[in-house]
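Okay, structure first, notes after.
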């Protein structure tokens with residue numbers, strides 16, 4: 012279970028970096044931002060393929076999306092001054108709780 016959680020966090024971190032690079036490239040059009048974004052996309056694919064060795068796609072993908080969403084909302088708040096309302100943070104808290112359930116449930120042996 013620790014390996015699943017760890018790779019999920021790494022996937023989310025790389026995806027957040029890729030999103031920031033895409034946002035910055037859309038505003039500044041620097042070739043280095045584009046190259047960094049492409050490199051992040053390749054790294055994301057490679058990491059995701061490694062993750063498939065240790066867990067099923069649905070658990071890893073949903074965990075990655077949940078952690079990435081939290082990371083993007085924090086990044087938007089800190090770096091870009093976006094004020095997310097309490098309702099959005101409540102939705103994120105619900106997503107995190109549901110992902111924790113799926114992660115711990117995945118650690119249990121399957122019935123049947």
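Numbering (the numbering used here), first residue to last: 12 to 123. For every residue, glycine included, the Cβ atom is placed at its ideal position computed from N, Cα and C. Quantities reported herein were computed from a predicted structural model and do not represent experimental measurements.
Item: Residue span of the alpha helix (DSSP H) that contains residue 47, given as start and end; Value: 42–62
Item: The stretch 68–75 contacting the stretch 108–116, beta-carbon criterion three pairs below 8 Å; Value: yes
Item: Any chain D beta carbon closer than 7 Å to residue 97; Value: In the displayed structure, chain D is absent; only one protein chain is listed.
Item: Endpoints, the alpha helix (DSSP H) within which residue 91 is located; Value: 68–91
Item: 8 Å contact criterion, which residue 48 and residue 32 should meet: CB distance rounded; Value: 4 Å
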